[in-house]
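Asker:
Residue numbers (our numbering): 637 to 814.
Encoded structure:
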């Protein structure tokens with residue numbers, strides 16, 4: 637028996653599909669369950685790349701010290717002023733969800749700001765389309781969007797092999813777990 641269950645109602649990420657619409661940027665204040673802090677030696681250049689290239693907005697700032705950026709609810713980034721940044725991007729990445737219709741415009745916007753900043757898009761064995769972006773701070777950021785689910789696809793077989801089945805696929809619902 638699997639311990640996995642459908643809990644999509646907790647997420648701002650819309651159901652995947654060709655007509656999926658991204659939620660509006662979220663401007664509310666909440667206790668952040670997770671966030672990333674990225675050091676930058678050029679706060680203004682970093683804010684410009686993250687806002688114009690990656691689609692974030694400035695929630696608030698402490699001039700010369702910190703800028704809090706956000707896209708959707710629970711997609712928070714703190715850019716913190718630092719003397720230097722790593723010379724090379726780390727192997728580790730941080731991922732943000734989007735919808736398929738956002739992938740190509742994001743690629744174009746990032747390439748317009750820095751032609752060498754983007755790798756992809758590429759499709760994954762777990763049914764997403766991903767774009768890797770190296771930011772001015774040498775952070776490795778992945779934007780990922782779920783593709784429409786095809787129950788006859790290899791991706792569906794990959795997910796089923798690890799116990800993840802589509803809604804209505806015969807497993808329990810959220811009621812017994814809530």
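All C-beta atoms in this analysis are idealised placements derived from N, C-alpha and C, irrespective of residue type, glycine included.
Where residue 811 and residue 687 are concerned, what is the direct C-alpha to C-alpha distance, given to the nearest angstrom?
Answerer: The predicted position of residue 811 is uncertain, since its pLDDT is 47 and thus under 50; no value can be drawn from it.
Asker: Round the Cβ separation of residue 784 and residue 654 to the nearest angstrom and send it over; I've been treating them as touching at under 8 Å.
Answerer: 6 Å
Asker: Could you tell me the alpha carbon to alpha carbon distance between residue 780 and residue 667, rounded to whole angstroms?
Answerer: 24 Å
Asker: Under the rule that 16 or more other beta-carbon atoms within 10 Å means buried, what is residue 760, buried or exposed?
Answerer: exposed
Asker: Within its chain, find whatever has a CB closer than 6 Å to the CB of residue 775; leave out the 5 residues flanking it on each side and keep chain order.
Answerer: 674
Asker: With residue 669 as the anchor, note down where its alpha helix (DSSP H) starts and where it stops.
Answerer: Unbroken run through residue 669: none, as it is neither H nor E.
Asker: Start and end of the alpha helix (DSSP H) containing residue 743?
Answerer: Taken as a continuous stretch (DSSP letters only), the alpha helix (DSSP H) holding residue 743 covers 736-749.
Asker: Within the chosen definition, does the segment 711-724 reach the segment 676-686 through at least 3 CB pairs nearer than 8 Å?
Answerer: With the cut-off at 8 Å, the segment 711-724 and the segment 676-686 touch.
Asker: How would you label residue 773, buried or exposed, when you count the other beta carbons within 10 angstroms and need 16 or more for buried?
Answerer: buried
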